[in-house]
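When we follow UniProt numbering, the leftmost residue of the sequence shown carries the number 1, and every step to the right adds one.
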Amino acid sequence: MAPSLLDTFRVLSSFEPPRGKLRGAPWEAYVDWAISQGLAPLAAYNLEYRMGGGEAPEWARDRLMSIYTGSVNDNVMKLVHFKRIVDQLEGRKLLLLGGAAFAEALYPHVGFRPVLDIQVLVRRMDVDGFAGYLSNHEFVPEADTGNTGAARIVSDGRTPIHLYADVLGADRREQLAGIFERARPMKVYGQSVFRPELEDALLLTALDHAHHGYDVPWLSFVDLRELVTGATWMGGVYSRPMDVPALLARAEAFGLERALYTSLAIVARLFPDAEAQATAAFPPLRRATRELLDRGVVGPVSTPGRSSALRGVDRLRRLLTGR
1 MAPSLLDTFR VLSSFEPPRG KLRGAPWEAY VDWAISQGLA PLAAYNLEYR
51 MGGGEAPEWA RDRLMSIYTG SVNDNVMKLV HFKRIVDQLE GRKLLLLGGA
101 AFAEALYPHV GFRPVLDIQV LVRRMDVDGF AGYLSNHEFV PEADTGNTGA
151 ARIVSDGRTP IHLYADVLGA DRREQLAGIF ERARPMKVYG QSVFRPELED
201 ALLLTALDHA HHGYDVPWLS FVDLRELVTG ATWMGGVYSR PMDVPALLAR
251 AEAFGLERAL YTSLAIVARL FPDAEAQATA AFPPLRRATR ELLDRGVVGP
301 VSTPGRSSAL RGVDRLRRLL TGR
């Protein structure tokens, strides 16, 4: 039987893809979808260097490889430039989120994980100060933050930097302070840059999914897969098993039990090899709540190639986060 779009995704998003599994794959559907989901660089590397071409047509391999080459160069440019800006910054605590925190910690090659923007979590009192500091490096405010949830977005015309604050809500500043206290230093960026601890990174990723009504690139579910399974390829800061009791306790304290369940349930459906770890960390929700989330969110979001967003994003966000 020819592989489905989901089968093709699973093979090409693996860090150890099996050979001989993609004969007759739906390349016409996969290539454009993979590019739009941020999956093309990893897929291109797998096809060219791990699978001997994977029986993919030349046009598909060429398109994916062009994205891979661009991703490597773009990531290096963005991250090196950001390092130069913050390397001498002292007396602050900035937490990198998303691609900037994950590209070299979860992925065997920094080019596998596109970094489209740089996301930084700061204390509310530091938003204006850090934005002002960035203005000295030609970063100017963007007028519209859109549906990003960012307190401020600045850009130098090449790299948007999203500044986040109070992401858990104004009534959970003590819990947010705990995220800052537990954060791990990223010494390559100097004294002021950190990244969230594993369990906090997982919860902040689920929060981001919920905030966007799960209309997020599938690359984010690959991020989550690696957090859930302990980044076994890397031997780095996220390369350890989840502390499930701590994760569940924080999910309850952060008001993110439904969001955590939904994100973990999607990972369990998409990646059979991660199913055991993901389901072991499910929060203890009522059966009716789980069934509602499975039917209304997990099932639709886990369908590759889906072109329509979930309905009622604002209502869904309130259901998942209480905000």
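For every residue, glycine included, the Cβ atom is placed at its ideal position computed from N, Cα and C.
Please read these numbers as outputs of a predicted model, since none were measured by experiment.
Check the Cα spacing between residue 116 and each of 162, 315 and 22: the tightest is with 162.
Proximity to residue 167 across 151, 112 and 182 peaks at 151, based on C-alpha coordinates.
Here residue 140 carries a strand assignment [DSSP, helix/strand/coil]. Under the 8 Å Cβ criterion, the stretch 277 to 287 does not count as touching the stretch 169 to 178, having fewer than three qualifying pairs. The alpha carbon of residue 40 has as its nearest neighbour, out of 146, 243, 69 and 302, the alpha carbon of 69. Take the alpha-carbon of residue 310 and the one of residue 301: they are about 8 Å apart. Secondary structure note for residue 162: its beta strand (DSSP E) is the uninterrupted segment 160 to 164. Annotation for residue 61: 47 place their beta carbon closer than 6 Å to its own, counting only its chain and skipping 5 residues before and after. Under the DSSP assignment, residue 72 falls in the alpha helix (DSSP H) whose first and last residues are 58 to 86. The criterion of a C-beta distance shorter than 9 Å is not satisfied by residue 148 and residue 209. Residue pairing by DSSP puts residue 155 in a beta bridge opposite 140 and 160.
Contact annotation: the stretch 230 to 238 does not touch the stretch 130 to 149, with fewer than three C-beta pairs closer than 8 Å.
Residue 78 is positioned such that its CB atom lies closer than 9 Å to that of residue 118. Looking at the backbone, the Cα of residue 63 and that of residue 28 are separated by about 12 Å. For residue 120, the enclosing beta strand (DSSP E) has its first and last residue at 118 to 121. The three-state reading of DSSP puts residue 97 in strand, counting E and B together. Secondary structure of residue 15 (DSSP, three-state): coil.
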